[in-house]
Structures are given as C-alpha cells and as structure tokens.
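*Asks:* Here's a structure for you.
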Ligand code: NOJ
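In this note's numbering, the protein residues as written are 62 to 723.
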C-alpha cells in the first residue's frame, strides 16, 4: 500500500448525497461525484451517514475500482432500532433482561441494511451518575455490572452474522464521558485510577470480551488527557489490559478538537494527527471541513512524527475488521433484504412493556379494571413524537405510538372529561427535545405546568395515574405526592402506545426496575447507590454525611420497581463452592396476582486494604410466581475470595434480607 492508501483507510467522510435523476437509490439521491472520486482513488476508509441500499452498493462498486479494491464501511448512530424503534437505551436498560437486549441488537443488524449501513455507533456504555447530563438517555444507567451485561448482549446481537456479513458495533464513549464535571456535556472528567477501573471500565471490558469490532473515544479529557490522544487509555488499557483487537474511531471532529481551538495540546492538523495516531487512534470521523488525517497524517509520517510501523498497525486493525465483517467476500447489500417488520413491531411492543417502571401504585389503582372509563390529560397523551426519543431519524415502522391510541386499541372506554371518568391518566414529564447530546440542564425539576395538570386532575376526585415520559431522571418529589400511581414510561418507541396500554390494563405485568437514581432535588446530583463507605456514615445526625435541607437518599433508588403483587423473602444464606459464591433465598408471592420478582444481589466487601462501596450489584434472577406460590431462588455471583456482607432484595434499600458470606 502506498502511504496515501494507508492514510485513506483511516479516514471517514460524510456520505454526502445529492438529488440525481440517475440515482439508483430509492431516496432519489446519489453519492456526490466528489465522494465517489475520493473512494475511487483510495482516500476513504469509511463513510458516516446511512445512505440507502443503492448508494451503499454504489460506494462498494466504486471501492472495487480503486487500485486495491478495499471495501468501505458505512457507519451511523442506530441506537434504539432503525425503522422500528424500541425504547431508548435508558428505557430498555430497565428491563434487566439480557435476552431482550440481545434481540434488540439483532433487530438493529436486521434493519440496518435497509438504510445502507453496516456499522452502528452503539452501544453507549457511559456510566451516568448525574441527571443533569443529557446523554443519560443513550446509556444503560449508573451500574457497571448491569451496563456490562447490556454491552455484551448488544454486541452479540449486533455482530451476529447475517448471510456471511457481520455488522460492526461500537463501544462509546471511551471512557468516563458521563463523569463530565457538573453534568455538562463535553466538559473534563477527573477520577482516580481505582474509580476508572471499578466503575467506568467494566462495561467496556465486557463489550471487548464480547468481541466488539470498534471503540469510540470520547470528546472529553480524562485527568487532563484528551481521550482521542490518550496513550494510556487507548493503548495501555484498551489494547493492553482489556485485549481489544478492533479499531478506534474518533468522535466527530474530536481529533481536530485537540488543536488550538479546543483542548489546545496540538498545534495544527499534522500535530493532532500524529498525537492521536501515536496514542492509539485508528480512524478520524470528520466534521465539516476540519480534517486532520487526510490533511496532516501523511506529512506526519514523512516528517518522522509517526513511525511507519505504527501506521501499519493502525491500518491493519481496520483491514482486519473489514475482513471479519465479511466485506471483502460480500461487499454488497442484498437489494431486497428479507426483514420481518411485523415481528419487529411485536418486539417493540414487548420491549416497551418491559421497560416501563411502576414506582407508585397507591390503592392498587393499577391495573385498570376492564370496565374502567379513562380520561386522558397532559401534553403527551396524543403525542407520537414523544415516543421517539433521541436518535430517531429512521422512525418509519410505526404502528400505534400514542397513549390514547394504545388505550383505544385495548378497547378501554375513553371519557372526555375527568368528571365522566373512573380514573385519569396524565401523560407528563420531559420533552424528548430536552435530552440527548449537549442537553445538559442545571435544574432537572419537574415541569410546573405538568404538575398543575396532575393537581387539577386530582381535584376531580378521581384517582390519577401519572405516566412520566423522560430520557433522564427528573425530580418527581411533588408528582409522586400528588398522583395515586406513577409509571416511568421513558420514550417507548414504535409500539409505545400498545406496550404502555398492555401494562396499564394488566395484559402485561410491570417488571421494569430503575437503572438510575431519581433525585429529590437537582442539588442532590450526582447521586448513585454504589458510593464509597465513609468514616461518618450517611444519616440525619449531626456528624453524618447528609444535606441539611434534603434527605440523603434519592426519591427513587436504583433497582426500584413495583409489581402488581407483593413478595416476601425468607431463609436467605450464601455458600462458597470453590471460586463461586451462591446465594439462596425463598421468595413467596404474597399478593393476589401472578407476578415477576427481580431478585437483586448486592455485596459489600469488608476488611479490605482500601475503602469499598457500601453496596455493589453482583447478580440478579427473575422469578415468576402465582399467588401463594413460593420458590427457592439461587443467584450466583462470581466473587473473588474475600469477606462479604450481602443484601438480597427487590429494592436495594427496602425489604429483602441481609447476611454475611462466611
Ligand atoms: C457525536 C456523538 O458524540 C457520537 O455519539 C456520535 O456517534 C457521533 N456524533 C456521530 O453521529
């Protein structure tokens, strides 16, 4: 390969299209001659932006005519579906269901070809401890263990072979991006090496072990080193400690951003390219006209700033992934891929029902009686738009998204006014416009008008069920007081209306559990359950860790989620078996309906050299029981030898049982 051809493999450009009468793509648009010329001359390793099947195949045909005939990759953010959208990642994380996450990945891989895409910039594995940070919507919450399970399941689903080809997943944003100070997107993050390894790296380690083909370093700097040019993170940790053998793609414009107008550690394009490539970056995702690799990398090599062997390593990583994706043998997408969109809608409905989290149900107002007359209130009752959530460009396979449509399809009697109804359902929360990239808010209070809607509904004397649309934790303190029942429904996707109605009517049971703490006040952020033990433990006493004006605990903790029945725990104990520790408990359904309990295992390691978290999730099991039924449940946690205290509970702070591992 010539130097220019090597550099070309490390360049990703926008899949720029323009309307063209000769277009072979259904959209009527065609890749521009400029892009095609660059592909033909070997200057392009990948495109960004799903461009349709016709354009995808045109790009590959053009790549074949280049001197070396190396196929290109086409990447895009397909984070919670493509044409069919299941709930946003924060929503689907609340299902605590690895098989559901795997199937979500399969859905993305099945639908992506329809849009001319073979690489998705997902799963996002940032740990989110601060509700002010708007990108919580894209990740799996605050727990490293759970996010690791999510990572592995999604990667397996996305990368499973389909007809000789494999889609590429991308673990992002490596690493600590969610720890931006003050919850401000793009801001710096600082943490100890211990916190990095204990909290932020485990989901990436799980994704790498599952075989993820690519990793995207974050925009931010960690402990002073911009991630894009951070040799410790990209080489020592990612490749050395975690054993990553794929390639790193920069975030958009992030290579350029280490330059004078950004982090300020590089002088110009040559310097930025050299610093990033030497640190371990493979490919540059460009923005507008800010190109460093195409403009500066060859020069950096000629000037001896980047060793040819280093460049070869970076190129080899990219070629190896293209080979593992099957692109050399099968560069083209089938013009008519067989995709079962009906089955995907059924999946979206199931996923929506499994993602909602019931957090209050006073007087068992839910499930709705079959004969109940329901009045709808609130600004999201008729909204299809608010079912979408961030990154929904291809939301097309939509059947029945609004709550009203879902209830109507469930044949519920809909009343015009609360006065004529037996129950009022208020659809409130946070507009999807308020979350996603660069949507940080200092104040995550609940919307005052929405609260007024709920209070007004309450004045009718009818029980009020609040459905909370959101993409991040918001302060629900007053809402939880005002409403009789509260269900977090997130942004529920293509069949959100059906899935939500399934749970409201009891056709499906509520099984979702929170994966983030919901604070009582914005000032409690950051807030997370796995905080370190302290010398003066938390509590309301004079010398305890607390605020004087707000209780220490979150309003709704990680792990919380109600069923339509109740469970009791008994006879819990733990046994060591070789290197494994098994936890046992007898769980009984002591309510009146069939229900599923998520038995959660938290451990606290004691008498260690350094301080350990007060609690860490180390396993969970789901058990479905008929009323009166009881069953012995085993939860296995792979724990190293040590001295542990444990908690087995449906909710990390409430009932359940506690003991010691001997
Ligand atoms: C910027 C975002 O940070 C990243 O998550 C995304 O993959 C890229 N843009 C490409 O859209």
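Ideal placement from N, C-alpha and C gives every residue a C-beta, glycine not left out.
What residues does the ligand NOJ have around it, judged by CB closer than 7 Å to any heavy atom, in chain order?
*Replies:* Per the Cβ criterion, the list is 109, 138, 182, 185, 233, 234, 277, 280, 312, 313, 346 and 498.
*Asks:* Does DSSP put residue 137 in a helix, in a strand, or in coil?
*Replies:* The residue you call residue 137 lines up with position 76 of the chain shown. Note: residue 137 maps to strand in three-state DSSP.
*Asks:* Does the separation of the CB atoms of residue 148 and residue 413 fall below 9 Å?
*Replies:* For this step, residue 148 is matched to residue 87 along the chain shown. For this step, residue 413 is matched to residue 352 along the chain shown. Yes, the pair counts as a contact, with Cβ atoms nearer than the cut-off.
*Asks:* Do the CB positions of residue 439 and residue 469 come within less than 9 Å of each other?
*Replies:* What you label residue 439 is simply residue 378 of the chain shown in a count that begins at 1. What you label residue 469 is simply residue 408 of the chain shown in a count that begins at 1. It is not a contact, given that the beta carbons lie outside the stated cut-off.
*Asks:* By Cβ distance below 6 Å, which residues in the same chain neighbour residue 568 in space, the five residues on each side in sequence not counted?
*Replies:* Counting from 1 along the chain shown, the entry for residue 568 is found at position 507. None.
*Asks:* For residue 623 versus residue 571, is the C-beta distance shorter than 9 Å?
*Replies:* Counting from 1 along the chain shown, the entry for residue 623 is found at position 562. Counting from 1 along the chain shown, the entry for residue 571 is found at position 510. Taking 9 Å as the Cβ cut-off, residue 623 and residue 571 qualify as a contacting pair.
*Asks:* Tell me residue 261's beta-bridge partners as DSSP assigns them.
*Replies:* Here residue 261 refers to the residue found at position 200 when the chain shown is read from its first residue. Residue 261 pairs with nothing; no bridge assigned.
*Asks:* Out of 500, 225, 192 and 83, state which residue places its alpha-carbon closest to the alpha-carbon of residue 727.
*Replies:* There is no way to answer for residue 727, as the model of the chain reaches only from 62 to 723.
*Asks:* Evaluate the contact criterion for the stretch 517-534 versus the stretch 486-502: three or more CB pairs, one atom per stretch, below 8 Å.
*Replies:* They touch, by the three-pair rule.
*Asks:* Short check: CB of residue 91 to CB of residue 83, under 9 Å?
*Replies:* The count along the chain shown starts at 1 and reaches residue 91 at position 30. The count along the chain shown starts at 1 and reaches residue 83 at position 22. Taking 9 Å as the Cβ cut-off, residue 91 and residue 83 qualify as a contacting pair.
*Asks:* Short check: CB of residue 552 to CB of residue 152, under 9 Å?
*Replies:* Position 491 of the chain shown, counted from the first residue, corresponds to residue 552. Position 91 of the chain shown, counted from the first residue, corresponds to residue 152. Yes. Within cutoff.
*Asks:* Near residue 444, which residues of its chain fall below 7 Å by C-beta distance, leaving aside the five closest residues on each side in sequence?
*Replies:* The sequence position of residue 444 within the chain shown is 383, counting from 1. 463.
*Asks:* Relative to the alpha-carbon of residue 311, which residue among 167, 107, 129 and 226 has its alpha-carbon at the smallest distance?
*Replies:* Taking the chain shown and counting its residues from 1, the one referred to as residue 311 is at position 250. When only C-alpha atoms are compared, the closest one is 107.
*Asks:* Where are the alpha helix (DSSP H) runs, 4 residues long or more, that stay fully inside the stretch 683-711, in chain order?
*Replies:* With a minimum length of 4 residues, no continuous alpha helix (DSSP H) run stays inside the stretch 683-711.
*Asks:* Out of 130, 101, 274 and 100, which one is the CA nearest neighbour of residue 390?
*Replies:* Numbered from its first residue, the chain shown carries residue 390 at position 329. Checking every option, the nearest Cα to that of residue 390 belongs to 130.
*Asks:* Select from 238, 644, 578 and 165 the residue whose C-alpha is nearest the C-alpha of residue 743.
*Replies:* In this structure the chain extends from 62 to 723, so residue 743 is not present and cannot be described.
*Asks:* Can you tell which of 718, 609 and 275 has the C-alpha that lies nearest to the C-alpha of residue 663?
*Replies:* One-based indexing of the chain shown puts residue 663 at position 602. Ranking 718, 609 and 275 by Cα distance to residue 663 puts 718 first.
*Asks:* State yes or no: is the C-beta of residue 209 within less than 9 Å of the C-beta of residue 263?
*Replies:* Translated into the one-based positions of the chain shown, residue 209 becomes position 148. Translated into the one-based positions of the chain shown, residue 263 becomes position 202. Taking 9 Å as the Cβ cut-off, residue 209 and residue 263 qualify as a contacting pair.
*Asks:* Can you list, in chain order, the residues of its chain whose CB lies under 6 Å from that of residue 629, leaving out five sequence neighbours each side?
*Replies:* Along the chain shown, read from residue 1 onward, the residue named residue 629 stands at position 568. 649 and 651, listed in sequence order.
*Asks:* Which two residues bound the contiguous alpha helix (DSSP H) that contains residue 644?
*Replies:* Your numbering for residue 644 matches position 583 in the chain shown. Element bounds for residue 644: not the alpha helix (DSSP H) but the beta strand (DSSP E), 641-650.
*Asks:* Cα separation between residue 103 and residue 587?
*Replies:* Taking the chain shown and counting its residues from 1, the one referred to as residue 103 is at position 42. Taking the chain shown and counting its residues from 1, the one referred to as residue 587 is at position 526. For residue 103 and residue 587, the distance between alpha carbons rounds to 47 Å.
*Asks:* Apply the 10 Å Cβ neighbour rule to residue 671 and answer buried if 16 or more other Cβ atoms are within range, or exposed otherwise.
*Replies:* Position 610 of the chain shown holds residue 671. Exposed, by the Cβ-count rule.
*Asks:* Determine the direct distance from the alpha carbon of residue 647 to that of residue 691, and round the result to whole angstroms.
*Replies:* Walking along the chain shown from the start, residue 691 turns up at place 630. Walking along the chain shown from the start, residue 647 turns up at place 586. Roughly 7 Å separates the two Cα atoms.
*Asks:* Would a C-beta distance cut-off of 9 Å place residue 600 and residue 613 closer than the cut-off?
*Replies:* For the purposes of this step, residue 600 is taken as residue 539 along the chain shown, with counting starting at 1. For the purposes of this step, residue 613 is taken as residue 552 along the chain shown, with counting starting at 1. Taking 9 Å as the Cβ cut-off, residue 600 and residue 613 qualify as a contacting pair.
*Asks:* In the structure shown, what three-state DSSP assignment does residue 150 receive?
*Replies:* Walking along the chain shown from the start, residue 150 turns up at place 89. Of the three classes helix, strand and coil, the one that applies to residue 150 here is helix, per DSSP.
*Asks:* Which runs of the beta strand (DSSP E) fall wholly inside the stretch 598-676 and span at least 3 residues, in chain order?
*Replies:* Within the stretch 598-676, the complete beta strand (DSSP E) runs of at least 3 residues are 628-638, 641-650 and 656-667.
*Asks:* By a C-beta neighbour count over all protein chains shown, 10 Å radius and 16 as the cutoff for buried, is residue 511 buried or exposed?
*Replies:* Looking up residue 511 in the chain shown gives position 450. Counting Cβ neighbours within 10 Å, residue 511 comes out buried, since at least 16 surround it.
*Asks:* Here's a check: name, in chain order, each residue in its chain whose Cβ is nearer than 6 Å to the Cβ of residue 366, leaving out the five neighbours to either side.
*Replies:* Numbered from 1 along the chain shown, position 305 holds the residue referred to as residue 366. Within the same chain, residue 366 has close Cβ partners 335.
*Asks:* Taking Cβ to Cβ, would you say residue 519 is nearer than 9 Å to residue 482?
*Replies:* Residue numbering aside, residue 519 sits at position 458 when the chain shown is read from its first letter. Residue numbering aside, residue 482 sits at position 421 when the chain shown is read from its first letter. Not in contact: residue 519 and residue 482 (Cβ atoms no closer than 9 Å).
*Asks:* Return the first residue and the last residue of the alpha helix (DSSP H) that residue 109 is part of.
*Replies:* On the chain shown, residue 109 is found 48 positions in, with the first residue counted as 1. Note, residue 109: premise wrong, no alpha helix (DSSP H); beta strand (DSSP E) at 107-109.
*Asks:* Across the stretch 331-351 and the stretch 283-297, are there enough close Cβ pairs to call them in contact, namely three or more that are closer than 8 Å?
*Replies:* These segments touch.
*Asks:* Whose CA, out of 721, 65 and 683, lies closest to the CA of residue 415?
*Replies:* Taking the chain shown and counting its residues from 1, the one referred to as residue 415 is at position 354. When only C-alpha atoms are compared, the closest one is 683.
*Asks:* Residue 123 and residue 100 look like a contact to me (Cβ under 8 Å); what is the Cβ gap, rounded to whole Å?
*Replies:* Numbered from 1 along the chain shown, position 62 holds the residue referred to as residue 123. Numbered from 1 along the chain shown, position 39 holds the residue referred to as residue 100. So it is a contact: roughly 5 Å between Cβ atoms.
*Asks:* Please determine, among 225, 305, 139 and 187, the residue with the shortest C-alpha to C-alpha distance to residue 388.
*Replies:* Counting from one through the chain shown, the residue named residue 388 turns up at place 327. When only C-alpha atoms are compared, the closest one is 225.
*Asks:* Can you pull the DSSP bridge partners for residue 351?
*Replies:* The residue labelled residue 351 in the question sits at position 290 within the chain shown. Paired residues: 348.
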